[in-house]
Amino acid sequence: MTFEEMIKSVNSIFINILDNDNIVLARETTAKDIEEWDSLSHIQLVVAIEKHFKIRFSSGEIQGFKNVGEMCDNLLTKV
Amino acid sequence: MNFSSLKKNLKKDFSSHKKISIALLGDSSTQLLHTALRGLGYEYEVNLEIFEADYDQVDTLVLNRSSELYQKVFDFIIIFQSTPKIKKNYYKLPEDKQRIDFATNHLNKVCAYYESIKCYNSSSKIIYFNFQELDDNLFGHFANKTNISFRYQVRKINLGLMDLGQKCSDLFILDLASLLSSYGQSFITDPKIFATTELLFSLDFLPIVSKHLLDIIFSIIGRFNKCLILDLDNTLWGGVIGDDGIENIQIGQLGIGKIFTEIQMWTKELKQRGVILAVCSKNEENIAKAPFENHPEMILRLEDIALFVANWHNKAQNIQFIQSTLNIGLDSMVFIDDNPVEREMVKIHLPAVTVPDLPVDPAEYLPYLSSLNLFETASYSENDSIRTQQYKEEANRVIFEKTFINEDDFLRNLEMSSDVGTFSTYNIPRIAQLTQRSNQFNLRTIRYTEDEIKQIASSKIHHTLSFTLKDKFGDHGLISSIILKEVEEKKQAKALFIDTWVMSCRVLKRGMEQFILNQIVTLAKQNGYSTILGEYLPTKKNALVQDLYKNLGMIQYGSHWILNISDYQEKTTFIFKN
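These protein sequence lines map, in sequence, to chains P and U. Residue 1 in the working numbering sits at position 1 of the first sequence, and the numbers go up by one each step. Residue 228 in the working numbering sits at position 149 of the second sequence, and the numbers go up by one each step.
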């Protein structure tokens, strides 16, 4: 899977969980850029991504990603 | 329902739904529980208005009279203290002799919570989570052999909460320990999420625990299942009685009969607990009844079944017949049938009936049915075990009635008599239960707890009446209670206001209403009152009594109904006063 394919699948999870069709993720996107992405919906996103890709993040990882790009890179090493 | 869809429900319109106010207090983060609970409420048509306390403020809020908790009256106060948090407190205790008292001290604290809430906010019901029996395995299995192990102390708290629940009528326990043993620790929590956010429950468990909270809440406000309707073939026994014959159906030792024996045992226990059993089967009646009469290994017998319907009509029709004969709401019925086509038929035509989608393998029926928690209840009294018997008698009366053309002849031939009394220690639990359970014949739908009923019984400004009814078919027991309150009426003579009039629907059309009014008037005369005032407060379910006061000849005055005692003509009834 390429980075582009990964960010695309992650994008659709964001749209579904945050209930906002206009979300377009890029490598640099962070929680500040998306209104619905707060600390509680972050948990929902983490759980939804884990389920979708059948992987587990560690507690350090879910707090440590700087942006969407870092998370997708991490995901690519796991799937 | 998953968490995401519950969260999406929050954007929907709750305005037509019944409001229930809740305070949610926890020692871990409760935001997602709040979201899940409110979102699930939408599915059950309630608008849960939830006040969520600040994080870990239980003591401050509950024990302090001037806290936010006491600025308004909440219907429910939910307190969720968690095992990881109390474990920290436990570890802080330096000495074994302090640890030995840990459970007792915690229970004393819960007692203090209860007393504060009762004192400052008396009508709230309290729901307290019991504790996950997690172990730190500092002692391994030896924890069972020493009272200074954390596991020993947690179990002692949980048992103590059960005792406390029996003493405190407004304290209800959410049994988290039991949910943990059903679902498993790795399902109900996510350690990573707890470590980073202090949210104890996993997203997958939140809808489940919310459902269980709602079960408790609904049982307290009178929304719960009262009747279980059972199919026979391949539901109560294996095989088809009409084809296989009585000697070949699977029950007891034969084939997979053990599975059905267990289902029947569960059903019989439900009957003992007060759930009314009915049968609805596509069969010839005599063939369907044969196992109940003659099969040595059947657990259920005909006397356990309030109404036995076996014919070839469709099941939706038959369930409507059961509903009209037993006179209980469709929304308090559960229908169990192995056949998906029959289930679908009932779901489409009678959407209010609960119809569980049984698994394909009969071995999974019972674990599945138990997991649904279909029969939550907010009370239990000894009377409950004879409820099926009472409904069975009622079904016989309905059939007896059909033999009379003239209604008065029917009533005279019923040989009815009633014990008229006041509230006493002996009948207070049943009276409280009547105010909580009755939805249809309930003029003002004020729910009272046992404690409140006790206060009313000893109050100087209240008069109380209780009524039983017996007839040639059996004893209904206590079927109606009346709370009368003295009120000033325009500085003139004092009037009696009917604060509560609840009656079991089982005794409708017997002249009981007229008999009761006669007794109210007698009481009023003896105590020197000149008028009786009534009020009808409409709910979704009590349209049955909207014209009660009018039909009894009372005069409407604004929102109230008035009866002048001096003009009163005693009503004719066929009920003999004991």
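All residues carry an ideal CB built from backbone N, CA and C; glycine is no exception.
Beta-carbon proximity list for residue i, same chain, < 6 Å, skipping 5 on both sides
{"i": "residue 473 of chain U", "result": "585"}
{"i": "residue 68 of chain P", "result": "25 and 29"}
{"i": "residue 433 of chain U", "result": "413"}
{"i": "residue 397 of chain U", "result": "359 and 388"}
{"i": "residue 364 of chain U", "result": "389"}
{"i": "residue 421 of chain U", "result": "394"}
{"i": "residue 147 of chain U", "result": "none"}
{"i": "residue 652 of chain U", "result": "590, 593 and 594"}
Residue i versus residue j: straight-line alpha-carbon distance, rounded
{"i": "residue 649 of chain U", "j": "residue 517 of chain U", "result": "27 Å"}
{"i": "residue 3 of chain P", "j": "residue 77 of chain P", "result": "11 Å"}
{"i": "residue 594 of chain U", "j": "residue 461 of chain U", "result": "27 Å"}
{"i": "residue 499 of chain U", "j": "residue 598 of chain U", "result": "8 Å"}
{"i": "residue 673 of chain U", "j": "residue 327 of chain U", "result": "Chain U is shown only over 80 to 657; residue 673 of chain U falls outside these bounds and no answer can be derived."}
{"i": "residue 273 of chain U", "j": "residue 353 of chain U", "result": "41 Å"}
{"i": "residue 377 of chain U", "j": "residue 447 of chain U", "result": "22 Å"}
{"i": "residue 329 of chain U", "j": "residue 385 of chain U", "result": "24 Å"}
{"i": "residue 540 of chain U", "j": "residue 577 of chain U", "result": "12 Å"}
{"i": "residue 126 of chain U", "j": "residue 290 of chain U", "result": "15 Å"}
{"i": "residue 639 of chain U", "j": "residue 501 of chain U", "result": "25 Å"}
{"i": "residue 411 of chain U", "j": "residue 429 of chain U", "result": "12 Å"}
{"i": "residue 392 of chain U", "j": "residue 323 of chain U", "result": "22 Å"}
{"i": "residue 206 of chain U", "j": "residue 23 of chain P", "result": "40 Å"}
{"i": "residue 191 of chain U", "j": "residue 155 of chain U", "result": "17 Å"}
Short Cβ contact (8 Å threshold) for residue i with residue j
{"i": "residue 401 of chain U", "j": "residue 437 of chain U", "result": "no"}
{"i": "residue 41 of chain P", "j": "residue 276 of chain U", "result": "no"}
{"i": "residue 441 of chain U", "j": "residue 532 of chain U", "result": "no"}
{"i": "residue 75 of chain P", "j": "residue 55 of chain P", "result": "yes"}
{"i": "residue 203 of chain U", "j": "residue 153 of chain U", "result": "yes"}
{"i": "residue 243 of chain U", "j": "residue 189 of chain U", "result": "yes"}
{"i": "residue 17 of chain P", "j": "residue 45 of chain P", "result": "yes"}
{"i": "residue 292 of chain U", "j": "residue 253 of chain U", "result": "yes"}
{"i": "residue 133 of chain U", "j": "residue 106 of chain U", "result": "no"}
{"i": "residue 211 of chain U", "j": "residue 162 of chain U", "result": "yes"}
{"i": "residue 641 of chain U", "j": "residue 610 of chain U", "result": "yes"}
{"i": "residue 508 of chain U", "j": "residue 480 of chain U", "result": "no"}
{"i": "residue 209 of chain U", "j": "residue 255 of chain U", "result": "yes"}
{"i": "residue 128 of chain U", "j": "residue 98 of chain U", "result": "yes"}
{"i": "residue 157 of chain U", "j": "residue 101 of chain U", "result": "yes"}
{"i": "residue 379 of chain U", "j": "residue 315 of chain U", "result": "yes"}
{"i": "residue 547 of chain U", "j": "residue 527 of chain U", "result": "no"}
When the options are compared against residue i, the one with the closest alpha-carbon
{"i": "residue 383 of chain U", "options": "U/351, U/109 and U/503", "result": "U/351"}
{"i": "residue 552 of chain U", "options": "U/638, U/496, U/201 and U/592", "result": "U/496"}
{"i": "residue 334 of chain U", "options": "U/348, U/321 and U/313", "result": "U/313"}
{"i": "residue 47 of chain P", "options": "U/280, U/519 and U/477", "result": "U/280"}
{"i": "residue 301 of chain U", "options": "U/511, U/601, U/535 and U/653", "result": "U/511"}
{"i": "residue 561 of chain U", "options": "U/524, U/554 and U/567", "result": "U/524"}
{"i": "residue 58 of chain P", "options": "U/411, U/452, U/269 and U/442", "result": "U/269"}
{"i": "residue 164 of chain U", "options": "U/137, U/146 and U/488", "result": "U/137"}
{"i": "residue 119 of chain U", "options": "U/103, U/89 and U/100", "result": "U/89"}
{"i": "residue 664 of chain U", "options": "U/238, U/216, U/431 and U/471", "result": "Nothing can be reported for residue 664 of chain U, as the shown portion of chain U is limited to 80 through 657."}
{"i": "residue 592 of chain U", "options": "U/308, U/181 and U/631", "result": "U/631"}
{"i": "residue 173 of chain U", "options": "U/227, U/158 and U/221", "result": "U/227"}
{"i": "residue 519 of chain U", "options": "U/619, U/602, U/606 and U/455", "result": "U/619"}
{"i": "residue 645 of chain U", "options": "U/613, U/607, U/637 and U/615", "result": "U/607"}
{"i": "residue 381 of chain U", "options": "U/403, U/617, U/404 and U/343", "result": "U/343"}
{"i": "residue 605 of chain U", "options": "U/92, U/559, U/114 and U/542", "result": "U/542"}
{"i": "residue 71 of chain P", "options": "P/35, P/31 and P/36", "result": "P/31"}
{"i": "residue 166 of chain U", "options": "U/621, U/191, U/234 and U/536", "result": "U/234"}
{"i": "residue 538 of chain U", "options": "U/564, U/514 and U/558", "result": "U/564"}
{"i": "residue 491 of chain U", "options": "U/476, U/248, U/271 and U/505", "result": "U/476"}
Same chain, Cβ closer than 7 Å to residue i, neighbours up to 5 away in sequence not counted
{"i": "residue 195 of chain U", "result": "141 and 142"}
{"i": "residue 367 of chain U", "result": "311, 320, 360 and 389"}
Residues near residue i in its chain [Cβ-Cβ closer than 8 Å; skip 5 each side]
{"i": "residue 262 of chain U", "result": "284 and 287"}
{"i": "residue 13 of chain P", "result": "45, 48, 49 and 52"}
{"i": "residue 94 of chain U", "result": "126"}
{"i": "residue 449 of chain U", "result": "345"}
{"i": "residue 573 of chain U", "result": "565, 566, 567, 607, 608 and 609"}
{"i": "residue 614 of chain U", "result": "522, 523, 576, 577, 638, 639 and 640"}
heavy atom of the ligand HEM below 7 Å from residue i C-beta
{"i": "residue 251 of chain U", "result": "With respect to the ligand HEM, the structure shown offers nothing to examine, as it has no ligands at all."}
Fully enclosed by the region 566-612 of chain U, which beta strand (DSSP E) runs are 3 residues long or longer? Fully enclosed beta strand (DSSP E) runs of 3 or longer: 573-582.
Which ranges does the alpha helix (DSSP H) cover as unbroken runs of at least 4 residues, wholly within the region 432-474 of chain U, from first to last along the chain? Segments of the alpha helix (DSSP H) lying fully in the region 432-474 of chain U: 444-450.
Residues of the region 86-118 of chain U with a CB closer than 7 Å to any CB of chain C: list them in chain order, please. In the structure shown, chain C does not exist; the protein chains are P and U.
Restricting to runs no shorter than 4 residues, where is the alpha helix (DSSP H) found entirely within the region 116-144 of chain U? Complete alpha helix (DSSP H) runs here, min 4: 137-142.
Could I get the ranges of all uninterrupted alpha helix (DSSP H) runs contained in the region 325-367 of chain U, with 4 residues as the minimum, in chain order? Runs of the alpha helix (DSSP H) inside the region 325-367 of chain U: 336-352.
Complete beta strand (DSSP E) runs within the region 185-257 of chain U (minimum length 3 residues, chain order): The DSSP assignment places 204-208 and 250-253 as complete runs of the beta strand (DSSP E) inside the region 185-257 of chain U, in order along the chain (cut-off: 3 residues).
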